[in-house]
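Right, one structure below, let's go through it.
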Amino acid sequence: MQRRTSADHMFEQLHQLYMPRLYHTAIYLLGNRAEAEDAAGRAFTAAFLELHVADERVFRLKAARQLFALCLRHAQQPYGSDEIVPLQSARAMELLQNLSELDFQERAAVVFICVYGCSMRELAHIQRVPEWAVAARLEGSFGKLCGMRTYAVVSG
1207 MQRRTSADHM FEQLHQLYMP RLYHTAIYLL GNRAEAEDAA GRAFTAAFLE
1257 LHVADERVFR LKAARQLFAL CLRHAQQPYG SDEIVPLQSA RAMELLQNLS
1307 ELDFQERAAV VFICVYGCSM RELAHIQRVP EWAVAARLEG SFGKLCGMRT
1357 YAVVSG
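Every position in the sequence shown, counted from 1, becomes a number in the working numbering once 1206 is added.
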């Protein structure tokens, strides 16, 4: 029997805590299952190898920053919401469809706040922009999403 190291244990703990959140964030950012799996896995691994710290808050932000950078590389590609096997609910699919109407930066603001659970300060740190820029982007993004929701209710 091999003895488990504390690094193995920490890896497993962090993996259980953060991989689902990283994956869901990536899927809503990219709209493509394969790219989301790849980006989430690479972000997790890079953050873990780079940090080796026990503080989960530091890991959480480092992994989010890695994920943002990886997803940003895919930002020029079309949002692939049609490629996703239906998620758990019709609401999730509707959200994906609405997110496809936003540009990458707007989508990132909404997804990191609503799916990953970042504060505006954390998102500013992740994106390396001032907080006022995050606030302005969020306001515009939510305004567009609310407009889409109103249009869907009126037309449906």
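Where a beta carbon is used, it is the ideal one built from N, C-alpha and C, also for glycine. Just so you know, these numbers come straight off a predicted model, no measurement behind them.
Sequence-distant Cβ neighbours of methionine 1326 in its own chain, meaning closer than 8 Å and more than five residues away, are Ile1319, Glu1337, Val1340, Ala1341 and Leu1344.
In the same chain as leucine 1276, and ignoring 5 residues on each side of it, the C-beta atoms closer than 7 Å to its own belong to Ala1245, Arg1248 and Ala1249, in chain order. Within its own chain, the residues whose Cβ lies closer than 7 Å to the Cβ of alanine 1315, once the five positions on either side in sequence are excluded, are Leu1329, Val1340, Arg1343, Leu1344 and Ser1347, listed in chain order. 7 Å or more divides the Cβ of tyrosine 1229 from the Cβ of alanine 1213.
For leucine 1351, the CB contacts under 6 Å within the same chain, skipping 5 residues up- and downstream, are Asn1304 in chain order. DSSP places leucine 1235 in the helix class (H, G or I) of the three-state scheme.
In this structure, the beta-carbon distance from alanine 1270 to tyrosine 1322 falls below 7 Å.
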